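The structure appears right after this line, and notes come after that.
In my numbering, the protein residues as written are 11 to 99.
The structure is reproduced here in structure tokens:
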């Protein structure tokens, strides 16, 4: 995980995770692809907007898989970096 206080590192991590996730999904490796997408969502400043885009682009079963994994990924990242209350909204 990148240092969440380093905007550049977060941006780079986010883009890499999206790209990796999309490549794996294209190869049919949904499990790993979804893992990378959830990592990207967890560090994303606008997760709701990203989720809306993904909902429109992913097949429904893959999107459901993503939603199922999100809470555990988000929890791991929140634990790794204690965020201030302002950042969570």
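From the three backbone atoms N, C-alpha and C, an ideal C-beta is built for every residue, glycine too. Values in this document were obtained by computation on a predicted structure and should not be read as measured data.
In this structure, the CA atom of residue 57 is about 14 Å from the CA atom of residue 66.
In this structure, the CA atom of residue 41 is about 8 Å from the CA atom of residue 35.
Across the set 53, 31, 64, 47, the C-alpha of 53 shows the shortest separation from the C-alpha of residue 17. When the five nearest sequence neighbours on each side are left out, the beta carbons in the same chain lying within less than 8 Å of the beta carbon of residue 12 are those of 19, 20, 22, 23, 53, in order along the chain.
Burial is judged here by how many other beta carbons sit within 10 angstroms of a residue's own beta carbon; residue 78 has fewer than 16 and is exposed. Within the same chain, and ignoring the five residues on either side of residue 51 in sequence, the residues whose Cβ sits closer than 6 Å to its Cβ are 57, 60. Contact between residue 44 and residue 76 holds, since their C-beta atoms are separated by about 5 Å, short of 8 Å.
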